[in-house]
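*Asks:* Numbering (my numbering), first residue to last: 386 to 593.
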Amino acid sequence: MRRSVTSLVLVLAVAVRVFGQEATPTSTTQKRGWLGRIFHPFSSTSIPQYKDPKLRGLALDLLVAPQTAKLSESRQLDIKLTLTNQSKRTITLDFPSNQRIEIYLMNTAETVLTKWSDNHAITEKPGTVLINPQEHIEYNETITTRDLTPNKVFIAEVFFPQYPELRIRQKFLTVGGSRAPSRDVKYGAGGALFYHRARDCSIHHALL
Numbered sequence: 386m387r388r389s390v391t392s393l394v395l396v397l398a399v400a401v402r403v404f405g406q407e408a409t410p411t412s413t414t415q416k417r418g419w420l421g422r423i424f425h426p427f428s429s430t431s432i433p434q435y436k437d438p439k440l441r442g443l444a445l446d447l448l449v450a451p452q453t454a455k456l457s458e459s460r461q462l463d464i465k466l467t468l469t470n471q472s473k474r475t476i477t478l479d480f481p482s483n484q485r486i487e488i489y490l491m492n493t494a495e496t497v498l499t500k501w502s503d504n505h506a507i508t509e510k511p512g513t514v515l516i517n518p519q520e521h522i523e524y525n526e527t528i529t530t531r532d533l534t535p536n537k538v539f540i541a542e543v544f545f546p547q548y549p550e551l552r553i554r555q556k557f558l559t560v561g562g563s564r565a566p567s568r569d570v571k572y573g574a575g576g577a578l579f580y581h582r583a584r585d586c587s588i589h590h591a592l593l
């Protein structure tokens, strides 16, 4: 009986140690909770150790939809990039133009097939973005799939040209048959939503 109790105590001690190790975040990567993994199973959040000190504390999250793109039906991919300030200070980002982000679609050899900026008007209009602690900026854009082929894995990479260290990528799959190419369309380079955390849980947004 005493031996059984001793064995049970040892098993519980090992289990506590294992779960404790899993709950400890690393110095470079923020682990998402189980709820976040359920609602955003393909997104990824990380906090790299940036060389530029003004970027420290910024976390990127990328969501590409659909994750399996049927090319005969999907002419565009939805790209959602979230930039969160997880530090305790306000972070200021300066931009020389109205472009904030760039999106690349690449094959597995990392050859760039499609550039988001090729179909968007970029103007030399300097701007500044302020991100307060625990607030985030969300960019929702689309990019054409006309240069993709079916039944292959591709990479969507999103980054800030003014701050190359702010970069994140995600793989996705294409299926389905070929289709006629769509016309190029010119869009504006804006469209970012600036979110504030308010006590009344309302969301305030402004076009950047």
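Here a beta-carbon is modelled for each residue, glycine too, at the ideal position from N, C-alpha and C.
All of these numbers come straight from a predicted model, not from anything done at the bench.
On a CA-only basis, which of ASP446, THR453, LEU445 is nearest PHE539? Give me that one, please.
*Replies:* Locating residue 539 in the sequence shown gives position 154, counting from the first residue. That would be THR453, whose Cα lies nearest to the Cα of PHE539.
*Asks:* Contact defined as beta carbons within less than 8 Å: I believe ASN536 pairs with VAL560. What is the distance between those atoms, to the nearest angstrom?
*Replies:* Taking the first residue of the sequence shown as 1, we reach residue 536 at position 151. Taking the first residue of the sequence shown as 1, we reach residue 560 at position 175. About 6 Å separates the two Cβ atoms, so the contact holds.
*Asks:* Report the three-state DSSP secondary structure of LYS436 (helix, strand or coil).
*Replies:* Residue mapping note: residue 436 aligns to position 51 of the sequence shown, counting from 1. Here LYS436 sits in coil by DSSP.
*Asks:* Are the CB atoms of ILE476 and LEU448 nearer to each other than 9 Å?
*Replies:* Indexing the sequence shown from 1 puts residue 476 at position 91. Indexing the sequence shown from 1 puts residue 448 at position 63. No, the Cβ-Cβ distance between ILE476 and LEU448 is not below 9 Å.
*Asks:* Evaluate THR534 with the Cβ neighbour count: other Cβ atoms within 10 Å of its Cβ, from every protein chain shown; 16 or more gives buried, anything less gives exposed.
*Replies:* The sequence position of residue 534 within the sequence shown is 149, counting from 1. Answer is exposed; the Cβ neighbour count stays below 16.
*Asks:* Pairs of beta-carbons, one from the region 464–478 and one from the region 510–526, closer than 8 Å: are there three or more?
*Replies:* yes
*Asks:* For ALA450, write down the residues that DSSP places opposite it in a beta bridge.
*Replies:* Position 65 of the sequence shown, counted from the start, is the residue given in the question as residue 450. The partner list for ALA450 (beta bridge, DSSP) reads ASP463.
*Asks:* For ALA541, is the classification buried or exposed, using 16 other Cβ atoms within 10 angstroms of its Cβ as the cut-off for buried?
*Replies:* For the purposes of this step, residue 541 is taken as the residue at position 156 of the sequence shown. ALA541 comes out buried.
*Asks:* With DSSP as the reference, label THR409 as helix, strand or coil.
*Replies:* In the sequence shown, counting from the first residue as 1, residue 409 sits at position 24. Low local confidence applies: a pLDDT of 24 at THR409 is under 50, so the model's placement there is unreliable, with the coordinate-based value given in what follows. Looking at THR409 - three-state DSSP - the assignment turns out to be coil, as it is neither helix nor strand.
*Asks:* With distances taken between CB atoms, is the gap from ILE486 to PHE545 smaller than 9 Å?
*Replies:* Looking up residue 486 in the sequence shown gives position 101. Looking up residue 545 in the sequence shown gives position 160. Taking 9 Å as the Cβ cut-off, ILE486 and PHE545 qualify as a contacting pair.
*Asks:* Out of ARG474, LYS439, LYS436, VAL543, point me to the one whose CA is closest to THR499's CA.
*Replies:* By one-based count along the sequence shown, residue 499 stands at place 114. Nearest C-alpha to THR499: VAL543.
*Asks:* From the DSSP output, in three-state form, read off ASP532 for me.
*Replies:* In the sequence shown, residue 532 corresponds to position 147, counting from 1. When DSSP states are grouped into helix, strand and coil, ASP532 belongs to the coil group.
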